[in-house]
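Novice:
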Amino acid sequence: MNKHYLYALLAVIVLFFVAYVGAEVFGLRIIFGVLIPYLAVIVFIAGFIYKVMGWARSAVPFRIPTTCGQQKSLPWIQPNKIDCPNSTGAVVIRMILEVCCFRSLFRNTKMSLEEGDKLTYRWEIWLWVFALAFHYSFLVVILRHFRLFTEPVPFFIQLLEKVDGFFRIEVLYDTIQTGLPGVFLSGLVLLAAVTFLLLRRILLPQMRYISLAADYFPLFLIFGIAFTGILMRYFTKIDVTAAKSLAMGLVTFHPTAPKGIGGIFYAHLFFVSILLAYFPFSKLMHFAGVFLSPTRNLTTNTREKRHENPWNYPVPVHTYDEYEDEFREKMVEAGLPVDKPFEKPPETLSDEKADSSA
Amino acid sequence: MSDLPKPEEMLKTDRRPSATGWMDTPVEIKKGIACYAGNPKSLEYVGLPNPRTWSCFDEDWQLPENWQEIIHEGLKERLERFRSFKIFMDICVRCGACADKCHFFIGTGDPKNMPVIRAELIRSVYRNDFTKAGKILGSLGGGRKMTMDVLKEWWSYFFQCTECRRCSVFCPYGIDTAEITIMGRELLNLIGLNIDWIATPVANCYRTGNHLGIQPHAFKDMIDFFVDDIEEVTGLKLEPQFNKKGADILFITPSGDVFADPGTYTTMGYLMLFHFLKEKYGLDVTWSTYASEGGNFGFFTSHEMMKRLNSKMYAEAKRLGVKWILGGECGHMWRVIHQYMDTMNGPADFLEEPVNPITGTKFENARSTKMVHIAEFTADLIKHGKLDLDPSRNDHLRVTFHDSCNPARGMGLLDEPRYVINKVCNNFYEMPANTIREQTFCCGSGAGLNAGENMELRMAGGMPRANAVKYVHEKYGVNMLACICAIDRAALPAMTEYWIPEVDVTGVHEMVGNALILPGEQKRETDLRLEPLPGVEAETEDEAKEEEADE
Amino acid sequence: MNLTAHLVRHKDAIVDRWFDMVAETYPADTAGFLKNKKDPFANPVRKNTLAGMKTVVAELFGGMDHEIIRKDLDPAIRIRAVQQFSPSEAVGFVFFLKTIVRDLLHKKYPQLLTDPETLPAVLDLESKIDEIGLIAVDIYVGCREKIFDLKAKVERNTVYKAFHRAGLVVEDPEDGPHIRPV
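Chains as they are written, first to last, in the working numbering: chain V, 102 to 459; chain A, 48 to 598; chain S, 187 to 368.
#1: Between the alpha carbons of glycine 319(S) and leucine 246(S), how many angstroms are there, rounded?
#2: Could you tell me whether any Cβ in chain A is nearer than 9 Å to the Cβ of tyrosine 222(V)?
#3: Near glutamine 172(V), which residues of its chain fall below 7 Å by C-beta distance, leaving aside the five closest residues on each side in sequence?
#4: Can you give me the Cβ contacts of glutamate 210(A) inside the same chain, cut-off strictly under 6 Å, excluding the 5 residues immediately before and after it?
#5: For the segment 201 to 227 of chain S, list every residue whose C-beta sits within 9 Å of some C-beta in chain V, in sequence order.
#6: Please identify the residue among Leu324(A), Leu461(A), Glu411(A), Asp435(A) whose C-alpha is closest to the C-alpha of glycine 378(A).
#7: Following the continuous beta strand (DSSP E) through valine 552(A), name the residue where it begins and the one where it ends.
#8: Restricting to Cα atoms, I'd like to know which of Met360(A), Met502(A), Arg440(A), Asp107(A) is closest to arginine 576(A).
#9: So which of Met506(A), Asn474(A), Gln486(A), Glu557(A) has the shortest CA-CA distance to asparagine 526(A)?
#10: Can you pull the chain S residues whose beta carbon is under 7 Å from the beta carbon of leucine 305(V), in chain order?
#11: Which residues share a DSSP beta bridge with valine 419(A)?
#12: Going by the CB atoms, is the gap between threonine 416(A) and glycine 432(A) shorter than 9 Å?
#13: Which residue marks the beginning of the beta strand (DSSP E) containing cysteine 530(A), and which one marks its end?
#14: Below 8 Å between beta carbons is the criterion; list the residues of the segment 227 to 261 of chain S that meet it against any residue of chain A, in chain order.
#15: Write down the C-beta distance between glycine 375(A) and glycine 345(A) rounded to the nearest angstrom, noting that I regard them as a contact closer than 8 Å.
#16: Starting from phenylalanine 282(S), follow the alpha helix (DSSP H) in both directions and report where the run begins and ends.
#17: I'd like to know if tyrosine 310(V) contacts chain S, where contact means its C-beta is closer than 9 Å to some C-beta of that chain.
#18: For chain S, check one thing: does any of its Cβ atoms lie closer than 9 Å to the Cβ of methionine 70(A)?
#19: Which of the three DSSP states is assigned to leucine 563(A) in this structure?
#20: Helix, strand or coil for tryptophan 334(A)? Go by DSSP, reduced to three states.
#21: Glutamate 341(S) versus chain A: which residues are under 8 Å apart at the beta carbon?
#22: For the segment 212 to 229 of chain S and the segment 506 to 525 of chain A, state whether three or more C-beta atom pairs, one from each stretch, are separated by less than 8 Å.
#23: Could you tell me whether the Cβ atoms of threonine 390(A) and glutamate 405(V) are closer together than 9 Å?
#24: Can you tell which of Phe371(V), Val418(V), Tyr421(V), Thr167(V) has its C-alpha closest to the C-alpha of proline 138(V)?
#25: May I ask you to list, following chain order, the residues of the segment 156 to 171 of chain A that have a beta carbon less than 7 Å from some beta carbon of chain V?
#26: For phenylalanine 257(V), which three-state DSSP category applies?
#27: Compare the C-alpha of serine 174(V) against each of Gly303(A), Glu423(A), Trp334(A), Gln386(A) and name the closest.
#28: Say yes only if the C-beta of aspartate 137(A) is nearer than 8 Å to one or more non-hydrogen atoms of the ligand ATP, and no if none qualify.
#29: Considering only residues of the segment 152 to 176 of chain V, which uninterrupted alpha helix (DSSP H) runs meet the minimum length of 4 residues and lie entirely inside it, listed in chain order?
#30: Looking at the structure shown, is valine 446(A) part of a helix, part of a strand, or coil, going by DSSP?
#31: Name the two residues that bound the continuous beta strand (DSSP E) containing phenylalanine 298(A).
#32: Please identify the residue among Leu283(S), Gly218(S), Tyr326(S) whose C-alpha is closest to the C-alpha of lysine 257(S).
#33: Take the Cβ of alanine 191(S) as the centre, count every other Cβ of all protein chains shown within 10 Å, and call the residue buried at 16 or more, exposed below.
#34: Please check the pair phenylalanine 239(V) and leucine 291(V), which I expect to be a contact at CB under 8 Å, by giving their CB distance rounded to whole angstroms.
#35: Return the residues of the segment 286 to 310 of chain A that lie within a Cβ-Cβ distance of less than 9 Å from chain V, sorted by chain order.
#36: By how many angstroms is the C-alpha of threonine 251(V) removed from the C-alpha of histidine 355(V)?
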């Protein structure tokens with residue numbers, strides 16, 4: 102057993118009970134429904150800004166992009182504009198592909214030698230697929246939740262819901278559907294993807310070796326969020342109007358904590374609050390950091406345009422004059438040109454000098 | 048029978064990890080992996096801290112008393128100075144995409160050679176020293192204190208990384224282990240932890256202008272030997288120029304190619320090319336003894352040392368009053384020139400924007416730095432039909448091309464050398480796609496690790512490259528591994544000798560030299576290695592037979 | 187049916203098991219990579235080791251041609267010779283074959299182990315595995331000699347060049363001394 106994922110799991114379970122018991126048994130609805138969410142949002146925003154400002158404060162002394170394709174050099178050589186971006190526009194495209202399509206992860210090609218030495222290529226695709234599925238389904242789920250924070254619900258949220266719900270599985274619909282709202286694909290995909298990413302870390306020895314508690318914790322937490330969300334939507338069926346009035350109360354700064362939404366809801370909300378507050382202090386900041394990564398977001402025309410280093414300072418160097426002074430005699434003997442003519446110093450004089458300095 | 052111990056039990060293979068994680072498993076510094084410590088005289092000469100005689104196998108590393116404080120302050124300073132470093136400390140999610148991309152991990156099987164762990168070595172200390180969560184949660188938060196064990200781990204693993212950047216190609220956030228290793232080595236240098244294969248070349252380069260400590264007259268002597276050899280091959284006496292004021296172009300290349308085979312043949316190739324251009328087009332190229340080193344082992348020491356050594360290039364170009372600078376085949380030299388030089392020691396406003404006077408081509412990509420890569424230069428000449436070439440003189444070679452890490456991933460110089468190779472030889476075969484271009488495997492000896500005492504590490508690190516070479520050797524009969532890096536030329540022959548002895552190593556401009564038809568040359572009977580050209584031998588034998596028949 | 191005829195039917199299983207056991211001589215975190223990564227260029231250890239093992243097992247149940255065994259065992263040992271294995275660890279994996287064969291016999295053909303008719307064949311097979319082990323030792327020593335050779339070359343080059351540069355080395359004159367055959 103590995104203490105890293107055990108502690109992470111334990112932490113999430115404890116958090117669940119804190120919220121559930123707190124709201125259900127002790128009725129601390131104001132604390133879990135209002136205070137903690139507000140606090141979490143404040144911590145998230147302040148922490149996020151603090152972190153990004155911290156990065157921005159650090160200098161970018163050199164332009165060090167990783168070039169992943171042919172440079173722009175001679176006019177008749179086809180450059181790779183995206184993977185070796187020469188202009189700001191190309192960098193933007195590179196960054197969009199990186200951020201939206203996880204292009205670098207996609208590079209994970211796998212090759213195998215079939216019988217008879219035939220080379221075949223296959224994508225080692227699963228990490229990329231599940232990473233994409235995870236991030237996009239999470240995004241859709243978050244956007245869908247805006248229906249709880251807006252009145253009237255904006256058009257694009259409704260459209261998104263329709264598209265997301267459009268994928269509902271008909272078999273499910275016919276048999277278990279009665280009384281159930283339409284099945285949203287995004288929630289299920291999120292749960293599946295987060296499970297995959299978790300199992301990958303726990304089961305592969307190589308992944309277990311490099312994983313810290315800080316890697317398991319957010320996964321367990323997001324698993325908890327998706328799980329409680331799905332539980333509420335399809336099984337325990339909470340009072341959506343009450344939930345919405347709580348959410349609307351939060352965004353309009355007239356907070357209320359209505360009765361009848363149950364402990365699971367508060368656990369769900371508490372998980373989200375914890376995730377928000379945890380975000381700026383964790384690796385989850387990769388979301389912002391990727392935009393600032395100097396190996397990706399800089400142009401590769403480093404010999405064409407000079408880059409300024411804000412802290413460039415003068416350093417001791419060995420000048421040509423010092424060099425020639427040391428080697429002048431040998432240079433002259435070898436027929437190498439020198440700046441100052443070589444004059445053989447009178448030997449007695451140099452001896453005297455040596456004596457006096459000693 | 049069942050009472051007998053099983054063979055695998057007798058072996059006591061206790062390499063399986065204990066239940067403890069990597070953080071709690073202290074490093075064991077081993078012979079064959081570790082490099083010798085820096086010579087105190089070298090450290091003294093360039094003013095590096097804490098010069099002393101020590102060995103990594105000693106219990107006591109003779110560190111300054113407050114070494115932890117020095118490391119902490121150094122870490123802090125670098126977090127402020129380098130956004131790359133700070134971001135890379137914060138955003139890794141340990142997705143594992145980099146884990147099996149490192150040639151040292153693949154070759155040694157040591158899990159701490161996974162790039163993500165190499166970075167975690169510093170990250171763990173960063174978390175403890177600079178983040179609240181790391182301080183409070185301790186190892187659970189991924190943080191740990193800077194102890195002697197951690198320091199030894201740093202020293203061991205930052206000198207098991209060749210700064211090749213292959214992992215950074217696959218990282219979704221572009222986290223570059225080279226950057227981490229550069230910082231790690233910089234920090235180690237603050238308390239006098241270095242290796243001699245880096246420290247001594249640095250001191251030599253500072254004093255004499257090149258890593259080998261070649262004094263100016265000896266440098267010229269060595270070039271004169273090549274002139275003699277070229278005369279033997281071509282019948283022509285070349286007259287290379289040194290430290291010439293008012294020349295058109297200053298040429299700088301790694302000194303390794305002047306003193307070690309097979310790099311010497313590449314140098315001969317340069318000499319012949321410049322002779323050709325002088326004879327035919329009047330181009331005036333000069334060598335320098337002061338700036339006789341293209342490579343920059345300062346890059347493997349610290350940013351400051353890199354700048355100190357690199358300063359000679361512009362200083363010499365200015366002193367000689369040349370128009371622009373041409374750089375020879377080298378790996379990390381070109382990373383330094385392409386991504387650092389102009390920023391550190393520029394602007395080079397005393398030079399002209401580089402134009403090839405023979406073809407009229409403006410090297411716009413080098414407009415500001417004013418230094419052109421010889422592969423760009425030669426490719427341009429060939430494209431415009433300015434060179435007289437006989438590629439059949441390389442017909443005995445079946446060539447593959449090893450992309451050197453730095454030109455590939457720090458520059459994007461991929462197709463220029465391929466164009467040149469294809470014009471100077473007739474048999475060229477690529478290695479499999481995930482082992483070349485931006486995905487190229489390192490030679491395993493870069494970033495100052497091409498010493499002798501760490502030969503096992505070098506061979507293990509070179510194995511993925513050798514494996515791909517072996518594939519094209521078996522499939523296409525490849526017998527020559529071409530490269531555009533002096534460290535490659537110094538390191539790969541040992542690698543091929545161990546893994547695939549049928550394959551030899553060459554620089555691209557050695558093949559150019561072989562194919563180049565110099566005006567007024569004699570009929571060539573040997574290549575630059577003074578080995579008989581296959582076709583010629585047969586012809587002369589035939590002629591001899593005919594003569595016999597005639598008699 | 188004789189012993190080898192039985193065993194040869196499990197050839198592939200033997201090779202697979204053997205490779206797994208070899209992979210497990212690495213740290214667990216690495217073993218997973220070695221076993222699962224099938225790309226021959228991203229995982230050269232697997233490719234080279236596995237390919238050799240197939241022929242070695244074939245030879246064990248076949249002609250025991252030393253030259254073939256030497257050639258095909260070479261890549262696996264060449265790799266282990268530069269990794270941080272002790273000499274016994276580097277070559278000892280050959281003897282894993284004994285465990286594999288014994289386990290197989292126990293499970294599938296227990297009668298062969300007690301049958302006085304086939305017992306000599308079992309012992310003979312074990313001796314053949316010893317033979318392969320000895321070949322492995324030869325290969326290993328060859329690899330280590332090569333490593334020391336390469337190390338010595340680096341040292342020699344450094345020293346020689348330093349002397350040469352200092353002008354302390356006298357080159358052989360091109361035209362002599364001529365040693366004439368007597």
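C-beta: ideal position from N, C-alpha, C; glycine also. Small disclaimer: the values here were computed from a predicted structure and weren't measured.
Specialist: Judging by the given coordinates:
#1: Taking the first residue of the third sequence as position 1, residue 319(S) is located at position 133. Taking the first residue of the third sequence as position 1, residue 246(S) is located at position 60. When rounded, the distance between both Cα atoms is 12 Å.
#2: The sequence position of residue 222(V) within the first sequence is 121, counting from 1. A caution first: tyrosine 222(V) carries a pLDDT of 46, below 50, which makes its placement in the model unreliable, though a value can still be read off. Judged by the 9 Å Cβ criterion, tyrosine 222(V) is in contact with chain A.
#3: Here the question's residue 172(V) lines up with position 71 in the first sequence. Closer than 7 Å at the Cβ level, and outside the excluded window around glutamine 172(V), lie Pro180, Cys185, Thr401.
#4: Here residue 210(A) refers to the residue found at position 163 of the second sequence. In the same chain as glutamate 210(A), and ignoring 5 residues on each side of it, the C-beta atoms closer than 6 Å to its own belong to Ala225, Thr228, Ala494, in chain order.
#5: If the cut-off is 9 Å between Cβ atoms, the segment 201 to 227 of chain S has Pro213, Ala214, Asp215, Thr216, Ala217, Gly218, Phe219, Asn222, Lys223, Lys224, Asp225, Pro226, Phe227 near chain V.
#6: Within the second sequence, numbered from 1, the residue matching residue 378(A) stands at position 331. The shortest Cα separation from glycine 378(A) among Leu324(A), Leu461(A), Glu411(A), Asp435(A) belongs to Leu461(A).
#7: Residue mapping note: residue 552(A) aligns to position 505 of the second sequence, counting from 1. Where valine 552(A) is concerned, the enclosing beta strand (DSSP E) stretches over 551 to 554.
#8: Residue numbering aside, residue 576(A) sits at position 529 when the second sequence is read from its first letter. Minimum Cα-Cα distance from arginine 576(A) among the listed residues Met360(A), Met502(A), Arg440(A), Asp107(A) corresponds to Arg440(A).
#9: Along the second sequence, read from residue 1 onward, the residue named residue 526(A) stands at position 479. Comparing Cα positions, the closest option is Asn474(A).
#10: Taking the first sequence and counting its residues from 1, one reaches residue 305(V) at position 204. One finds Gly218 in chain S with Cβ atoms closer than 7 Å to the Cβ of leucine 305(V), taken in chain order.
#11: Locating residue 419(A) in the second sequence gives position 372, counting from the first residue. Within the DSSP secondary-structure output, valine 419(A) pairs in a beta bridge with Leu373(A).
#12: Along the second sequence, one-based indexing puts residue 432(A) at 385. Along the second sequence, one-based indexing puts residue 416(A) at 369. Cβ distance not < 9 Å, so glycine 432(A) and threonine 416(A) don't count as in contact.
#13: For the purposes of this step, residue 530(A) is identified with residue 483 of the second sequence, where counting begins at 1. Membership of cysteine 530(A) in the beta strand (DSSP E) is indicated by the continuous run 527 to 530.
#14: Under the 8 Å Cβ criterion, the segment 227 to 261 of chain S contributes Phe227, Ala228, Asn229, Pro230, Val231, Lys233, Asn234.
#15: The sequence position of residue 375(A) within the second sequence is 328, counting from 1. The sequence position of residue 345(A) within the second sequence is 298, counting from 1. Actually they do not touch by this definition, with Cβ atoms about 18 Å apart.
#16: Here residue 282(S) is taken as the residue at index 96 of the third sequence, counted from 1. Segment 282 to 294, the alpha helix (DSSP H) holding phenylalanine 282(S).
#17: The count along the first sequence starts at 1 and reaches residue 310(V) at position 209. Yes, because at least one Cβ of chain S sits closer than 9 Å to the Cβ of tyrosine 310(V).
#18: Translated into positions along the second sequence, residue 70(A) becomes position 23. Among the CB atoms of chain S, none fall inside 9 Å of the CB of methionine 70(A).
#19: For the purposes of this step, residue 563(A) is taken as residue 516 along the second sequence, with counting starting at 1. Strand.
#20: Within the second sequence, numbered from 1, the residue matching residue 334(A) stands at position 287. Strand, per DSSP.
#21: Within the third sequence, numbered from 1, the residue matching residue 341(S) stands at position 155. Listed along chain A are Gly499, each with a C-beta nearer than 8 Å to that of glutamate 341(S).
#22: Yes, the segment 212 to 229 of chain S touches the segment 506 to 525 of chain A.
#23: Mapped onto the second sequence, residue 390(A) falls at position 343. Mapped onto the first sequence, residue 405(V) falls at position 304. No.
#24: As a working note, residue 138(V) is residue 37 in the first sequence. Taking the Cα of proline 138(V) as reference, the smallest distance to any Cα among Phe371(V), Val418(V), Tyr421(V), Thr167(V) is reached at Phe371(V).
#25: So the list reads Pro158, Met161, Val163, Ile164, given in the order they occur along the chain.
#26: As a position in the first sequence, residue 257(V) is number 156, starting the count at 1. Under the three-state reduction of DSSP, phenylalanine 257(V) is assigned to helix.
#27: The residue labelled residue 174(V) in the question sits at position 73 within the first sequence. For serine 174(V), the nearest C-alpha among the options comes from Glu423(A).
#28: Of ligands this structure carries none, so the ligand ATP is not represented either.
#29: Within the segment 152 to 176 of chain V, not a single complete alpha helix (DSSP H) segment reaches 4 residues in length.
#30: To locate residue 446(A), count along the second sequence from 1; it is residue 399. Of the three classes helix, strand and coil, the one that applies to valine 446(A) here is strand, per DSSP.
#31: Here residue 298(A) is taken as the residue at index 251 of the second sequence, counted from 1. Unbroken beta strand (DSSP E) run through phenylalanine 298(A): 296 to 299.
#32: The count along the third sequence starts at 1 and reaches residue 257(S) at position 71. Answer by Cα proximity: Tyr326(S).
#33: Along the third sequence, one-based indexing puts residue 191(S) at 5. By the 10 Å Cβ count, alanine 191(S) comes out exposed.
#34: As a first step, residue 239(V) must be located in the first sequence, where it is residue number 138. As a first step, residue 291(V) must be located in the first sequence, where it is residue number 190. Rounded, the Cβ-Cβ distance is 6 Å, consistent with contact.
#35: For chain V, the residues of the segment 286 to 310 of chain A that bring a beta carbon within less than 9 Å of one of its beta carbons are Phe289, Asn290, Lys291, Lys292, in chain order.
#36: For this step, residue 355(V) is matched to residue 254 along the first sequence. For this step, residue 251(V) is matched to residue 150 along the first sequence. Spanning the alpha carbons of histidine 355(V) and threonine 251(V) requires a straight line of approximately 14 Å.
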